[in-house]
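> Number 57 in UniProt numbering belongs to position 57 of the sequence shown; there are no gaps in the numbering. Beta carbons: idealized from backbone N, C-alpha and C, even for Gly.
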Amino acid sequence: MNDVQRAWLGVVSGDHAQRAVEGGFIQLNHGKRYGVARLREGDGFAIYSPTERYRSKEPLRAFTALGVVADAAPYQAEPMSMGERGMIQPWRRRIEFLPVHRAALRDLDLKLTRAPNWGYQLRRGLVPLEPDDFEILREAMSIS
């Protein structure tokens, strides 16, 4: 994987991050198109998981997956149930995930986390990530 020019951070629970890695895709903001449409082929993509499980209060606060956008445009997956949200046909992007291990937020020094109240932006579900931060994450998470 070459150095990336652009990178993104998606906010996804740990269990959903695992599903994304297993399926080779990312789906954000309950399957809405606008987030995944911002990604371009070749962009770096990291997943931050504030919690271990969706709708859980059990904190994880770790980076759980890392890869590169591997397609040119969003695609719609098969319809799926979102429980109380009903049926949706989510928009996704293919991601070529690297074999990595989790990296705890507290163990990393990222530009992203230096600003006061930096975590507020994570509520959007997708935020730009400095390519330098992506490289720090790649180094910290790589399985040797």
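(1) When DSSP labels each residue in this structure, what does Leu126 get in the three-state scheme?
(2) Between the region 113 to 121 and the region 134 to 143, do at least 3 Cβ pairs fall closer than 8 Å?
(3) According to DSSP, what are the bridge partners of Gln76?
(4) Residues in its own chain within less than 7 Å of Val11 by CB, not counting five upstream and five downstream?
(5) Would a C-beta distance cut-off of 9 Å place Ala46 and Ala104 closer than the cut-off?
So, from the data block:
(1) strand
(2) Result no; under three Cβ-Cβ pairs closer than 8 Å.
(3) Trp91
(4) Tyr48, Pro50, Leu122 and Gly125
(5) no
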